[in-house]
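K.L.:
Going by this note's numbering, 196 is the number at position 71 of the sequence shown; the sequence numbering is gapless. All C-beta atoms in this analysis are idealised placements derived from N, C-alpha and C, irrespective of residue type, glycine included. Here it is, the structure in full.
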Amino acid sequence: MRLSVIGCGYLGAVHAASMAHLGHEVIGIDVDRRKIEALRAGRAPFYEPGLPELLTEVGATGRLTFSDDMADAAGADVHFICVGTPQVHGEFRADLTYVNSAVASLRPYLRSGDVVAGKSTVPVGTAEAIAEALRDTGAVVAWNPEFLREGFAVADTLHPDRLVYGLPTDGDGEPTAEGSKARAVLDEVYATPLSEDIPLVVTDYATAQLVKVAANSFLATKISFINAMAELCEATGADVTRLADAIGYDARIGRRFLNAGLGFGGGCLPKDIRAFMARAGELGVSDALSFLREVDSINMRRRVRMVDLAREVCDGSIVGKRIAVLGAAFKPDSDDVRDSPALSVAAQMQLQGAHVTVTDPQAVDNARAKWPDLRFAATALEAAQDADVVLLATEWSEYRELEPDALAGVVAHTRILDGRNVLEPARWRAAGWTYRALGRP
Ligand code: UDX
Numbered sequence: 126m127r128l129s130v131i132g133c134g135y136l137g138a139v140h141a142a143s144m145a146h147l148g149h150e151v152i153g154i155d156v157d158r159r160k161i162e163a164l165r166a167g168r169a170p171f172y173e174p175g176l177p178e179l180l181t182e183v184g185a186t187g188r189l190t191f192s193d194d195m196a197d198a199a200g201a202d203v204h205f206i207c208v209g210t211p212q213v214h215g216e217f218r219a220d221l222t223y224v225n226s227a228v229a230s231l232r233p234y235l236r237s238g239d240v241v242a243g244k245s246t247v248p249v250g251t252a253e254a255i256a257e258a259l260r261d262t263g264a265v266v267a268w269n270p271e272f273l274r275e276g277f278a279v280a281d282t283l284h285p286d287r288l289v290y291g292l293p294t295d296g297d298g299e300p301t302a303e304g305s306k307a308r309a310v311l312d313e314v315y316a317t318p319l320s321e322d323i324p325l326v327v328t329d330y331a332t333a334q335l336v337k338v339a340a341n342s343f344l345a346t347k348i349s350f351i352n353a354m355a356e357l358c359e360a361t362g363a364d365v366t367r368l369a370d371a372i373g374y375d376a377r378i379g380r381r382f383l384n385a386g387l388g389f390g391g392g393c394l395p396k397d398i399r400a401f402m403a404r405a406g407e408l409g410v411s412d413a414l415s416f417l418r419e420v421d422s423i424n425m426r427r428r429v430r431m432v433d434l435a436r437e438v439c440d441g442s443i444v445g446k447r448i449a450v451l452g453a454a455f456k457p458d459s460d461d462v463r464d465s466p467a468l469s470v471a472a473q474m475q476l477q478g479a480h481v482t483v484t485d486p487q488a489v490d491n492a493r494a495k496w497p498d499l500r501f502a503a504t505a506l507e508a509a510q511d512a513d514v515v516l517l518a519t520e521w522s523e524y525r526e527l528e529p530d531a532l533a534g535v536v537a538h539t540r541i542l543d544g545r546n547v548l549e550p551a552r553w554r555a556a557g558w559t560y561r562a563l564g565r566p
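Spelled out as structure tokens, the structure:
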């Protein structure tokens, strides 16, 4: 099939390459020339494991091309909308500028029967508005949310947990005739994952849009729940990692997403729960999501607590102290620093008078662009040179595997803060370190 993918960020670039891998002829469109030039040269414009290899593989087939001209999307059977929906500055709601401008510039090239499949995370009601705006083109809008995780984006796209199609429906909630046609087109696009018995949920627009924000809200709630328990653990001398293991054995709860620490960040969970609250307010049901405000504030409190912990181990003040922060990305295997807890804590410590040196295997350039006043180092050992405190803020495997003795050889004081609860306290203490973590004695 011929597909266009509009927006070549974390979502779109991976989707475009994955669809070409499945055998489709794909054109990726983005207004950012530098992104398009990188992708044309077979280079991923951001760090995502597996993407460079995929770009090389599909590049050789000639099935994947890129353009900054929307006219090149003409003729595709399905147009996937994959542009960003960031948080409006100073407000909770999502900024739909990119979605609206993508739809407006695509509009002149649509033919009757084309499918416009929205993948961006949007406030519920957006799909309906786009369908209305495109009604006279004869194109059919489908909502096909994406659940990929950064760091696993290729695998998540090629082997999704489930597929969701939101289609135009009749009064009984059944797809209309044009909805059924769009479903058949999407079934053809996703023939390979579907043949592997991937669950498929076919539903209406509103449900499909809500699925995505409901899933992210649940994940955020799970993380904040365990971080709230970490606060209780700190107050009682309990160990949140053992607590998470024990409750996680209950299959109804499950151990995943119960890792306490600096909390969630990134381009999705924080802004998605805020946009969801804003939308609930517009819909007159803000009470239904008031718990998400608590989820957000528990999450933000972890960052404050980490700065306090640094102060505690430095006998009451971090002013003038050298602090090495290991990690800048919001999570390992990503170079994304959007709403990164690691970078936010590093910046706070610096603002409060500490001399902070940040290191990260992939995210230093992005971090420097955001916080040019921080110091940066290429490796953990370099960052930790003469440090009074070392903070593990993003759990890259190379930081988890650090040797306490090797690190002890370069620091001024052997104090380590484990912001992700991934180190073995006994091992570090045996090597003479003061070990502190969030939610552990
Ligand atoms: C998330 C969703 O997982 C994905 O399905 C959706 O499509 C996009 O948003 P992503 O933002 O890539 O994906 O990151 P994710 O792996 O979910 O982690 C989010 C944040 O939560 C990270 O900062 C991570 O460090 C943190 N986290 C995760 C915890 O603090 N504890 C956990 O137990 C799990």
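Is residue 348 near the ligand UDX, in the sense that its beta carbon is under 7 Å from a heavy atom of that ligand?
P.N.:
yes
K.L.:
Roughly how many angstroms lie between the CA atoms of residue 537 and residue 509, to the nearest whole one?
P.N.:
9 Å
K.L.:
Just mark residue 453 as buried or exposed, buried being the case when its beta carbon has 16 or more other beta carbons within 10 Å.
P.N.:
buried
K.L.:
Measuring from the CB of residue 341, is there a heavy atom of the ligand UDX at a distance below 7 Å?
P.N.:
Checking every heavy atom of the ligand UDX against the Cβ of residue 341, one is found closer than 7 Å.
K.L.:
Over what stretch of residues does the beta strand (DSSP E) that includes residue 329 continue unbroken?
P.N.:
Counting along the chain, the beta strand (DSSP E) containing residue 329 begins and ends at 325-329.
K.L.:
By DSSP's criteria, residue 562 is part of a beta bridge. Which residues make up the other side?
P.N.:
543
K.L.:
Compute the Euclidean distance between the alpha carbons of residue 143 and residue 287, then round it to the nearest angstrom.
P.N.:
Spanning the alpha carbons of residue 143 and residue 287 requires a straight line of approximately 16 Å.
K.L.:
Given this structure, state the Cα-to-Cα distance separating residue 533 from residue 434, to the nearest angstrom.
P.N.:
20 Å
K.L.:
Give me the residue from 445, 139, 311 with the minimum Cα distance to residue 175.
P.N.:
139
K.L.:
Residue 131 and residue 227 look like a contact to me (Cβ under 8 Å); what is the Cβ gap, rounded to whole Å?
P.N.:
Right, their Cβ atoms sit about 5 Å apart.
K.L.:
Out of curiosity, what's the CA-to-CA distance linking residue 328 and residue 296?
P.N.:
Each residue's alpha carbon lies about 13 Å from the other.
K.L.:
Which word fits residue 374, buried or exposed, when buried means at least 16 other C-beta atoms lie within 10 angstroms of its C-beta?
P.N.:
exposed
K.L.:
Cutting at 6 Å between CB atoms, please list the residues of its own chain near residue 560, excluding the five before and the five after it.
P.N.:
Hits under 6 Å: 541, 550, 553, 554.
K.L.:
Curious, which full-length alpha helix (DSSP H) runs of at least 4 residues does the region 239-271 contain?
P.N.:
251-259
K.L.:
Using 10 angstroms around the beta-carbon of residue 291, count the other beta-carbons present and answer buried if the total reaches 16, otherwise exposed.
P.N.:
By the neighbour-count definition (other C-beta atoms within 10 Å, threshold 16), residue 291 is a buried residue.
K.L.:
Assuming residue 449 is part of the beta strand (DSSP E), what are its boundary residues?
P.N.:
447-451
K.L.:
Quick one: is the Cβ of residue 244 within less than 7 Å of any heavy atom of the ligand UDX?
P.N.:
no
K.L.:
Answer with yes or no whether the minimum CB distance from residue 249 to chain B is below 8 Å.
P.N.:
Of the protein chains in the structure, only one exists, and it is not chain B.
K.L.:
Who are the Cβ neighbours of residue 442 in its own chain at under 7 Å, not counting the five residues just before and after it?
P.N.:
436
K.L.:
With hydrogens ignored, establish whether the beta-carbon of residue 455 is closer than 7 Å to any heavy atom of the ligand UDX.
P.N.:
yes
K.L.:
Please determine whether the Cβ atom of residue 428 lies at a distance below 7 Å from any heavy atom of the ligand UDX.
P.N.:
no
K.L.:
Go ahead and pull the three-state DSSP assignment for residue 191.
P.N.:
strand
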